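Q: Here it is, the structure in full.
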Amino acid sequence: MRTTTPTLVQPPAIISIQGVTKRFGSHTVLQDISFDVPRGKTTAVLGPSGTGKSVLLKVIIGLLKPEAGQILVDGEPIVGVRERDVYRIRRKFGVLFQDGALFGSMSLYDNIAFPLREHTHKTEREIRATVLQKAELVGLVAHLHKLPGEVSGGMRKRAGLARALVLDPEIILFDEPDSGLDPVRVAYLDELVNTAQQETGATFFVITHNIESVMRTAHYIGLLFRSRLVAFGPKEQMVADPNPIVQQFLAGRAEGPIGMDEMADADTPSTQGPSSGVGSPVTATLPLRAAAGRS
Ligand SMILES: Nc1ncnc2c1ncn2[C@@H]1O[C@H](COP(=O)(O)OP(=O)(O)OP(=O)(O)O)[C@@H](O)[C@H]1O
1 MRTTTPTLVQ PPAIISIQGV TKRFGSHTVL QDISFDVPRG KTTAVLGPSG
51 TGKSVLLKVI IGLLKPEAGQ ILVDGEPIVG VRERDVYRIR RKFGVLFQDG
101 ALFGSMSLYD NIAFPLREHT HKTEREIRAT VLQKAELVGL VAHLHKLPGE
151 VSGGMRKRAG LARALVLDPE IILFDEPDSG LDPVRVAYLD ELVNTAQQET
201 GATFFVITHN IESVMRTAHY IGLLFRSRLV AFGPKEQMVA DPNPIVQQFL
251 AGRAEGPIGM DEMADADTPS TQGPSSGVGS PVTATLPLRA AAGRS
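Each residue of the sequence shown is one higher than the one before, counting from 1 in UniProt numbering.
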């Protein structure tokens, strides 16, 4: 049977990470990282602890300045531009922080309403309609009067998600959304993430260690190791990637190139090629649209 080579289709990128290097003193946390985050999809960036995932997230929203490289958000550079442009571009992002980052003295309702009161001129009636709509999406309508301290960790995450969604941002960044949750609550949160992604059509960008969660939610996966992007591509392509680092991380095995000591991992930049089984830069162009569907 004759096989045909599928046509490479480049889905449009909403975030383009171009040659980003970030150092703290002599410690290079990110080395020449390049990949495109496809618009309207869920992209997860994985990597061992201390490998620079949170730093990458902060570089993307302009909270940390890289020593080299550029980030384009919707085609606009965020590195080396005026502070007010950084703030304007940042408005495209909603962020769900690890602990939900809610104000402890405000009810869940007021927490979710906060960005609307801060950044829009909506009336309280309009605000109420939007808060109720987002609370409905995350299943919190009956608990809106409660303080963050009076609800479970999972509910705080959901309130954080509602707040991240409330301004209808184009991109939602998730900083380890599963942290502190039991596996069942993580599974529920993943369902919610998928529903929210489908309903909003926004681009979701998740940093996490949780492979099961990634398998349930991500369309695209990137893997960071020893300061480098080891691989990036559609989930199905990554699962089939023979690179031993990708295989070890996705299988969660102790045996392989990723060691026990995260500091040693982080402090030993790789100079070898992919066939050697250690991290090396990849050309992370966006791959086949055909392979991009969530399974
Ligand atoms: N402001 C900072 N100053 C100095 N070093 C920093 C700073 N922020 C992060 N680092 C260092 O950068 C490295 C990467 O940290 P980062 O928090 O991005 O890792 P991570 O991959 O998100 O880890 P984890 O999965 O454990 O959250 C670590 O060695 C950390 O100590």
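No residue lacks a Cβ here, since even glycine has one placed at the ideal position from N, Cα and C.
Computed from a predicted model, the values in this text were never measured in an experiment.
Could you compute how far the alpha carbon of P244 sits from the alpha carbon of A142?
A: For the purposes of this step, residue 244 is identified with residue 244 of the sequence shown, where counting begins at 1. For the purposes of this step, residue 142 is identified with residue 142 of the sequence shown, where counting begins at 1. For P244 and A142, the distance between alpha carbons rounds to 47 Å.
Q: Given a cut-off of 8 Å, decide if I258 and F225 are closer than it, judged by their beta-carbon atoms.
A: In the sequence shown, residue 225 corresponds to position 225, counting from 1. In the sequence shown, residue 258 corresponds to position 258, counting from 1. The answer is yes: Cβ separation under 8 Å.
Q: By DSSP, does D85 sit in helix, in strand, or in coil?
A: Residue mapping note: residue 85 aligns to position 85 of the sequence shown, counting from 1. Reduced to three states, the DSSP call for D85 is helix.
Q: Compute the Euclidean distance between the alpha carbons of R91 and E255, then round it to the nearest angstrom.
A: On the sequence shown, position 91 is the one that residue 91 refers to. On the sequence shown, position 255 is the one that residue 255 refers to. Those two C-alpha atoms are separated by around 43 Å.
Q: Determine the DSSP secondary structure at P148, reduced to helix, strand or coil.
A: Along the sequence shown, one-based indexing puts residue 148 at 148. If DSSP states are grouped into helix, strand and coil, P148 belongs with the helices.
Q: Can you tell me where the beta strand (DSSP E) holding F204 begins and where it ends?
A: The residue you call residue 204 lines up with position 204 of the sequence shown. Its beta strand (DSSP E) spans residues T203 to I207.
Q: Looking at the unbroken beta strand (DSSP E) that takes in I127, where does it start and where does it end?
A: Taking the first residue of the sequence shown as 1, we reach residue 127 at position 127. Premise fails: I127 lies in the alpha helix (DSSP H), E124 to L137, not in any beta strand (DSSP E).
Q: Along the chain, which unbroken stretches of the alpha helix (DSSP H) at least 4 residues long are found entirely within the stretch 43-123?
A: At a cut-off of 4 residues, the continuous stretches assigned as alpha helix (DSSP H) that sit fully inside the stretch 43-123 are 53-60, 83-90 and 108-119.
Q: Specify, as a first and last residue, the run of the beta strand (DSSP E) that P234 falls within.
A: One-based indexing of the sequence shown puts residue 234 at position 234. From DSSP, the beta strand (DSSP E) with P234 extends over R228 to P234.
Q: Which residue from R125, S105 and D168 puts its Cα closest to that of residue 300?
A: Only positions 1 to 295 of the chain appear in the structure, and residue 300 is not among them; the question remains open.
Q: Going along the chain, which unbroken runs of the beta strand (DSSP E) with 3 or more residues stay wholly within the stretch 157-186?
A: 171-175
Q: Per the contact definition of three or more C-beta pairs closer than 8 Å, is the stretch 230-243 in contact with the stretch 192-212?
A: no
Q: Do G104 and G149 count as a contact pair if the criterion is CB distance below 8 Å?
A: Counted from its first residue, the sequence shown places residue 149 at position 149. Counted from its first residue, the sequence shown places residue 104 at position 104. For G149 and G104, yes; Cβs fall inside 8 Å.
Q: Provide the residue(s) that pair with R216 in DSSP beta bridges, ordered along the chain.
A: Residue 216 sits at position 216 when you count from the first residue of the sequence shown. DSSP lists no partner for R216.
Q: With respect to the alpha helix (DSSP H) encompassing V246, which residues constitute its N-terminal and C-terminal limits?
A: As a working note, residue 246 is residue 246 in the sequence shown. Segment P244 to A251, the alpha helix (DSSP H) holding V246.
Q: Can you tell me whether A196 is helix, strand or coil according to DSSP?
A: Working through the sequence shown from its first residue, we reach residue 196 at position 196. Three-state result, A196: helix.
Q: Using the Cα positions of Y188 and I89, report the straight-line distance between them to the nearest angstrom.
A: Position 188 of the sequence shown, counted from the first residue, corresponds to residue 188. Position 89 of the sequence shown, counted from the first residue, corresponds to residue 89. Approximately 31 Å, taken between the alpha carbons.
Q: CB of F249 to nearest heavy atom of ligand 1: below 7 Å?
A: For the purposes of this step, residue 249 is taken as residue 249 along the sequence shown, with counting starting at 1. The answer is no for F249.
Q: When you measure from the CB of S26 to every non-hydrogen atom of ligand 1, does any distance come out below 7 Å?
A: Counting from one through the sequence shown, the residue named residue 26 turns up at place 26. Checking the Cβ of S26 against ligand 1 gives no.
Q: Ignore the nearest five residues each way along the sequence and tell me which others in V206's own chain have a CB closer than 6 Å to its CB.
A: Along the sequence shown, one-based indexing puts residue 206 at 206. So the list reads A44 and F174, once near-sequence residues are dropped.
Q: Tell me the residue span of the beta strand (DSSP E) that contains G19.
A: One-based indexing of the sequence shown puts residue 19 at position 19. A13 to F24 is the span of the beta strand (DSSP E), which, as asked, contains G19.
Q: Check the DSSP bridge columns for V29 and list the partner residues they point to.
A: Here residue 29 refers to the residue found at position 29 of the sequence shown. According to DSSP, which records beta bridges pairwise, V29 is partnered with nothing at all.
Q: Would the beta-carbon of T195 be found less than 7 Å away from any heavy atom of ligand 1?
A: By one-based count along the sequence shown, residue 195 stands at place 195. The answer is no for T195.
Q: May I ask you to check if the CB of V186 is nearer than 7 Å to at least one heavy atom of ligand 1?
A: Looking up residue 186 in the sequence shown gives position 186. Answer for V186: no, Cβ out of range of ligand 1.
Q: Ordered along the chain, which non-local residues of its own chain (more than five positions away) have a Cβ less than 8 Å from that of Q248?
A: Here residue 248 refers to the residue found at position 248 when the sequence shown is read from its first residue. Within the same chain, Q248 has close Cβ partners E255, G256, P257 and I258.
Q: Helix, strand or coil for L224 per DSSP?
A: As a first step, residue 224 must be located in the sequence shown, where it is residue number 224. Residue state, collapsed to three classes: strand.
Q: Near D267, what residues of its chain come up, given a Cβ to Cβ distance below 6 Å and the 5 sequence neighbours on each side ignored?
A: Taking the sequence shown and counting its residues from 1, the one referred to as residue 267 is at position 267. Any reading at D267 needs caution, since the residue's pLDDT is 47, under 50, leaving its predicted position unreliable; the model's value is listed next. The answer is none, since no qualifying residue turns up.
Q: Applying the 10 Å Cβ sphere with the 16-neighbour rule, what's the burial state of V81?
A: In the sequence shown, the residue the question calls residue 81 occupies position 81. It is exposed - the Cβ of V81 has fewer than 16 other Cβ atoms within 10 Å.
Q: On the DSSP bridge list, what partners appear for D36?
A: Against the sequence shown, residue 36 aligns to sequence position 36. Answer is S16, bridged to D36.
Q: Taking the straight line between their C-alpha atoms, what separation do you get for S270 and L161?
A: One-based indexing of the sequence shown puts residue 270 at position 270. One-based indexing of the sequence shown puts residue 161 at position 161. Because S270 carries a pLDDT of 43, less than 50, the predicted location of this residue cannot be relied on, and the following value inherits that uncertainty. Roughly 36 Å between the two C-alpha positions.
Q: May I ask you to check if the CB of S49 is nearer than 7 Å to at least one heavy atom of ligand 1?
A: Counted from its first residue, the sequence shown places residue 49 at position 49. The answer is yes for S49.
Q: Roughly how many angstroms separate the alpha carbons of R156 and Q31, rounded to a whole number?
A: Counting from one through the sequence shown, the residue named residue 156 turns up at place 156. Counting from one through the sequence shown, the residue named residue 31 turns up at place 31. So the two alpha carbons sit approximately 35 Å from each other.
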